[in-house]
Each structure stands twice: as C-alpha cells, then as structure tokens.
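Everything in the sequence shown is counted per my numbering, starting at 109 for the first residue and increasing by one. Ideal placement from N, C-alpha and C gives every residue a C-beta, glycine not left out. Keep in mind the model is a prediction, meaning the values are calculated, not measured. Please read the structure below before turning to the comments.
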Amino acid sequence: MKPGVSDLLLHIQNEILEAVASGDPLRDIADLLCRRIENLVPTIVCSVLTVDPDQKLHPLAGPSLPDAYCEALDGIQAGPSVGSCGTAAYRGEAVIVSDIDSDPLWADFKALALPLGLRACWSTPVTSRNGRVVGTFAFYYKTVRTPDELERRIVQTCVHLCAIAIEHKEVQARDYKLAYFDALTGLSNRSRFDEMLCGRVHDQANFGLLLVDIDHLKSVNDTMGHLVGDFLIKSVANMIGKDRPGETAFRLGGDEFAVIIDGVTTAEGLAAAAQDVLHRTSGPATAGLDTLFPSVTIGGALFGSDGVEANTLRQNADFALYHAKETDRGGYVQFRSELRTSIVDRIRVIRNVDAALAEGRIAAYYQPIAQLASSEIVGLEALVRMTGLQGGLSPAGDFAAAFSDTKIASRITEKMLNQVASDIREWLDLGIPVEHVGINVTTGDFQYGNLQAKIEACFAKQNVPLKHIVLEVTESVFMGGSDQFVAKAVKRLRDKGLLVALDDFGTGYASLTHLISFPVDVIKIDRSFVAALANEKASSVIVAAIMDMANRLGMRVIAEGIETLEQVRQLSELGCQFGQGYLFGKAVSAADMGELLLEQHRRAHMRSGSYPSWH
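Put into structure tokens, the structure is as follows:
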C-alpha cells in the first residue's frame with residue numbers, strides 16, 4: 109500500500125467506528141464512508157446498498173450518483189444477472205464487471221449506467237456474522253478496467269466497516285422492537301404507549317385516548333384453550349391496528365389495548381372514533397373449526413376536558429372503561445367526573461369486602477320460606493352478611509358494589525357454599541329434615557372458575573345431597589354472558605339434581621323469553637308486585653298470570669317481600685302457596701335458624717303430622 113494511504117485509511121476507519129459508536133444514522137455513516145473513500149481514490153464512484161430479508165436492493169449511500177439512478181435501483185430483486193450488485197448479493201461473492209457495455213450481467217441495466225459515464229463496476233457483498241448478505245459495497249469506474257491491489261485492500265476495509273455499521277443498526281432495531289413492540293400482536297407495547305402519551309401531553313396536542321378491552325377472553329381461554337385465546341387477541345389487534353390516519357394502536361397487556369386518536373377535539377369526535385373501533389372489531393374470526401365473534405368494550409377520555417396530565421388522562425379513561433364493562437358491555441363510555449367518585453367508592457367497598465373475607469367476617473344468614481296457609485317453614489334462603497370492624501351487621505345491599513368484581517363475587521359464593529353445606533349437614537344430623545336452601549349466584553360465578561365443580565366439591569365434603577340446593581339467579585345474571593354459555597351451565601347444574609330459581613321475576617326484560625331459553629324450577633315474584641297488590645289491580649293480574657303460566661310449565665312460585673296478612677290473603681286467592689318476607693321472619697344466624705327449625709320439627713312430631721314441604 110502506498111505510503112500515507114495506510115494512515116489515511118486508518119483515520120477513515122476510526123472516524124466511521126466513532127460514528128457507529130455515537131449512534132449516528134446508518135445512512136449518514138454510509139454517506140461519510142463513500143465521501144472519504146472517493147477523496148482517497150478520486151477515480152472511483154462509491155455506492156452502498158442494503159439487502160433486505162427478501163433479497164431486494166435498497167440504496168443506502170451514493171453521494172456521487174444521481175438521485176434518479178439510485179431511485180431506479182430501489183426494490184430490485186437480487187438475481188443471477190442483475191448487474192454487479194444484484195448478482196453479488198445473489199451469489200454471496202464479489203462480482204467484477206470490467207465492461208458494463210458488453211457484460212451480459214448488465215444487459216438489462218446498462219442503459220442506466222452508460223449515460224452517466226460509468227463503464228465498469230466491482231461489487232462486494234456485505235455479510236453479517238451469521239452469513240446472511242445484508243448489503244453490497246461497490247466501486248464504479250469511468251473507464252473499462254478491473255480493480256488494482258490498492259483498491260482491493262481499501263474495499264476489504266470498507267466492507268468490514270459496512271458490516272459493522274449495518275449489523276449495529278439491525279441490533280438497535282431488534283432491541284427497539286423488543287423494547288417497544290408486543291411480541292404476540294406486533295403492536296406497540298405499554299412502554300411505547302407511555303412514551304407517546306407523555307409526548308402528546310408535553311406538546312399540548314389535541315388528541316383523545318381510547319382504552320379497549322376484549323370481552324369474555326377468560327371464558328374463551330377456559331373453554332377453548334389459550335391457543336384460541338391468543339388467536340382472539342391477535343385477531344382483535346389486527347382489527348384495531350388497521351391503518352387509520354391519525355390513529356396509533358397499542359397492546360397494553362392481557363386483553364387490554366389503547367388507541368391514541370390525534371386531532372380530535374370534541375366528545376362527539378372521540379365517540380365517532382370509538383364507534384369505528386367497535387365496528388371494526390365486530391366481524392367473525394375463524395380459528396380452525398371454531399368461529400369466534402369478537403366483542404370489545406371501550407372507555408374514552410379527551411385531552412384537556414378530561415385531563416391535562418398523562419396519568420390523570422389514563423386513569424380517567426380507565427374509569428370510563430370500568431364503568432362501561434359494568435353498564436354497557438360491548439359499548440362505549442366517555443369519562444364523566446361523577447364516574448371517578450362512584451368508582452373510587454366501589455373500589456373502597458371491594459377492599460372492605462376483601463378484608464372481611466380474609467378475616468372471616470362474611471357469613472350466611474338464613475331467611476325462612478313459608479307455606480302461606482300455615483306459616484310453617486318449608487325452605488330457606490341463604491343471604492350473605494358482613495360483620496363490620498365495630499361489630500355491626502351489614503346486609504348484601506350495603507356492599508353490593510363488591511359483586512361487580514368477579515373474583516370477589518366468586519370468593520363470596522365459595523364461602524357461602526361451604527357454610528351452607530356445613531349447616532345443612534349439622535341440621536340433618538340433628539334429625540331436622542331440611543328440604544331446600546337457596547343460594548344466590550352472580551355473573552362472576554359463571555365467568556370466573558368452575559361453578560359446578562365448586563358446588564360438587566363443597567357438598568361432597570359434607571356428604572350433603574345436591575337435591576337440597578336451589579341456585580337463585582336473577583335475569584341480569586342470565587344476561588351477563590352469552591345466552592348459550594349461561595344456558596349450558598344452568599343445564600349442567602340441573603342435570604346434577606340442583607334446582608334453579610329465577611329471582612326477582614318481572615323486574616327485568618324479556619322474562620318470558622328467559623323461561624324458554626333458561627328452563628328453571630322456581631319463580632320468585634319480585635317484592636314490588638307484592639307491595640302493589642293492595643292498590644294496583646295490574647299487580648293482581650300479573651301475579652295471576654304468573655301463577656297460571658308456572659302451573660302449566662310445572663314450576664313452583666314463591667312471593668317475595670310479604671309483610672302483612674292481607675298480602676297473604678290476596679296471594680292465596682291468586683293461587684300462590686309459598687312466600688318469603690318479614691312477616692315470616694328476617695334473616696338470622698345459622699344457630700338461631702337451627703333453633704327455629706328444631707322447634708318446628710318438635711311441634712310436627714308432637715302432632716304426629718308430616719313435616720311441611722313445598723312438594
């Protein structure tokens with residue numbers, strides 16, 4: 109190598125490595141390398157191309173080449189006769205073309221090069237450490253010729269530098285992808301979301317935030333497996349992440365996504381964007397032999413009116429999503445200031461109940477179900493009660509908000525099942541022929557865990573036949589999941605010998621439809637109809653119609669909320685035989701109920717009569 113060239117090449121090498129270490133853009137590094145080499149060897153024109161995984165060429169640097177020439181090369185597929193660079197990338201070895209005009213490798217491309225005075229081209233592939241061709245480094249000549257020994261030494265150094273620079277860029281890109289993109293869906297992840305949300309707030313840009321939650325993902329995982337659940341997540345991600353101007357979608361984790369809507373300034377605009385997301389995620393998705401119908405619920409918040417700080421805006425959108433899941437599953441709710449108060453109160457109640465469960469302050473109390481003609485107890489309903497830290501007793505209505513948490517609701521049900529099984533076992537051992545005890549179940553019991561398995565385990569442990577149990581389910585629980593899912597669960601439970609009661613009948617909608625879709629054994633007439641019997645003829649007509657319908661369908665009827673003898677008389681005249689309410693007794697502890705049942709059993713024995721029954 110000529111004296112002085114070696115030092116100049118070493119200087120170029122150090123300059124390029126320093127640029128790589130400093131994190132300069134790859135395009136700038138390649139351009140700098142070309143310019144330095146062209147200054148070192150004025151008779152050549154330098155070019156650097158990258159080669160993507162599909163073996164397509166993309167110009168990276170060529171400071172002495174016209175833009176039009178570089179643009180013409182962009183996207184060309186490497187192959188066995190694609191000029192010097194395309195052929196070098198295809199072969200994985202250097203390609204020297206001493207005469208572009210006559211060499212067949214350039215037959216389809218010489219019209220691009222010859223008008224620029226380019227007569228020869230030597231291209232060398234740039235390979236990564238795993239042997240993949242990631243680029244090419246080329247010398248163009250203005251004369252017909254081949255490279256000399258000095259140029260070969262220079263190219264050897266330049267190819268090495270290009271490999272370092274390109275691989276460093278790929279590592280950076282791979283690290284960036286791992287740090288900022290979700291592996292399952294390919295969407296930007298929580299870290300990228302936090303960064304972009306803070307950026308929007310810092311720039312005081314107009315935007316809205318949507319938080320999107322997949323409905324019933326746990327049920328899909330439990331019933332169809334996690335592979336199908338992952339397919340559902342990816343399907344929803346593809347639907348949400350479809351290119352929309354001004355929208356950026358993120359997967360925050362699990363079943364939750366976020367969408368930043370740029371440029372939106374009004375609640376109406378944000379609602380329109382949310383409806384568009386709902387529409388995009390409503391189509392079917394086929395997973396093997398299974399067809400899924402995704403459903404999402406959305407909460408939204410608008411920068412400015414709903415928060416001017418990133419954390420506040422995110423939290424308020426969360427409040428809206430939480431409320432939407434409770435009141436408008438499958439729909440959209442925008443944040444309102446009153447939501448914060450109600451949800452904070454709900455969280456407080458959930459925490460109190462969680463503590464009460466851990467400390468053993470949740471218990472079953474029992475209210476009698478009586479035969480109207482005799483006031484004798486024929487059954488019980490187990491009602492959950494919570495003892496406060498100061499000793500006061502709270503009915504379920506005081507902490508009803510806790511049942512919105514499916515895990516809490518499931519834990520309460522499990523506690524009730526265990527106590528009821530234990531209490532029934534104790535009463536049976538005392539010789540008390542307990543017939544039926546009603547236990548309320550919630551939407552969470554169907555969605556969280558295996559309700560049937562829990563029931564069977566609790567009562568098998570106490571050796572209590574399942575025929576003693578009546579599961580009381582409201583219309584809202586029936587509507588809490590897909591009709592098919594709940595109907596199948598109810599059918600399995602009835603097949604095991606349990607009775608199912610439709611509680612608060614008449615307060616929801618489409619009650620008659622429910623009796624067809626969800627066959628039950630007992631109808632409990634809501635207390636509102638009983639209270640109105642004295643003053644509203646319509647209530648009498650409705651109760652009479654319920655009685656007639658129940659008799660024809662072979663169902664029993666229990667009237668709730670009975671407080672007076674006059675109500676007993678009216679209900680009896682309408683054909684109702686059983687009732688529940690303060691007239692027959694409030695809910696009492698298991699010990700007190702045991703005393704009542706034992707006393708009734710003694711009286712029945714003394715009369716030598718049969719124990720009262722609703723059969």
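Between residue 518 and residue 552, the beta carbon gap of about 5 Å places them in contact (Cβ cut-off 8 Å). In the structure shown, the three-state DSSP call for residue 366 is strand.
Our two residues, residue 320 and residue 398, have alpha carbons roughly 24 Å apart in a direct line.
With fewer than three CB-CB distances shorter than 8 Å, the region 433-449 does not count as touching the region 343-362.
Contact annotation: residue 266 and residue 247 have beta-carbon atoms that are not nearer than 7 Å. Membership of residue 320 in the beta strand (DSSP E) is indicated by the continuous run 315-322. One thing to note: residue 542 has its Cβ no nearer than 7 Å to the Cβ of residue 490.
Beta-bridge analysis with DSSP links residue 494 to 470, 502. Under the three-state reduction of DSSP, residue 184 is assigned to coil, being neither helix nor strand.
Burial check for residue 571: the Cβ neighbour count within 10 Å stays below 16, so the residue is exposed.
Here residue 206 is near residue 254, since their CB atoms are less than 7 Å apart. Taking each of 693, 278, 653, 223 in turn and checking the Cα distance to residue 128, the smallest one comes out for 278.
Annotation for residue 672: 691 place their beta carbon closer than 8 Å to its own, counting only its chain and skipping 5 residues before and after. Here the region 442-462 makes no contact with the region 629-647; the two share fewer than three CB pairs at distances below 8 Å. Classified as buried, residue 576 has 16 or more neighbouring CB atoms from the shown chains inside 10 Å of its CB. Taking 7 Å as the cut-off, the beta carbon of residue 488 is found no closer than this to the beta carbon of residue 473.
In the three-state reduction of the DSSP assignment, residue 666 falls in the strand class. Excluding residues up to 5 positions away in sequence, 480, 638, 641, 651, 667, 670, 687 lie with their Cβ nearer than 8 Å to the Cβ of residue 679 in the same chain.
Across the structure, residue 539 and residue 702 are spaced so that their CA atoms are roughly 11 Å apart. Put simply, the backbone Cα of residue 420 is about 12 Å away from that of residue 408. In the three-state DSSP reduction, residue 198 falls in the helix class (H, G or I). The C-beta separation of residue 196 from residue 231 comes to about 4 Å, placing the pair in contact by the 8 Å criterion. Residue 663 sits away from residue 633, with the two beta carbons spaced by 7 Å or more.
Scanning 484, 685, 274, 610 for the CA closest to the CA of residue 711 turns up 484. In this structure the region 354-368 touches the region 312-332; the number of beta carbon pairs closer than 8 Å is three or more. Contact between residue 153 and residue 138 fails: their C-beta atoms lie close to 14 Å from each other, not under 8 Å.
Residue environment for residue 430: buried (at least 16 other C-beta atoms within 10 angstroms of its C-beta).
Beta-carbon to beta-carbon, residue 546 and residue 578 are separated by about 4 Å, close enough to satisfy the 8 Å threshold. Between the region 373-385 and the region 275-294 there are fewer than three C-beta pairs closer than 8 Å, too few to call the two in contact. Less than 7 Å divides the Cβ of residue 349 from the Cβ of residue 295. Less than 7 Å divides the Cβ of residue 181 from the Cβ of residue 167. For residue 540, DSSP assigns no beta-bridge partner whatsoever. Taking a 10 Å sphere around the C-beta of residue 257, we find fewer than 16 other C-beta atoms and assign the residue as exposed. Distance from the CA atom of residue 530 to the CA atom of residue 370, rounded to whole angstroms, is 59 Å. Comparing alpha-carbon positions, the option among 653, 609, 184, 433 lying closest to residue 163 turns out to be 184. For residue 690, no beta strand (DSSP E) run applies, since DSSP gives it neither H nor E.
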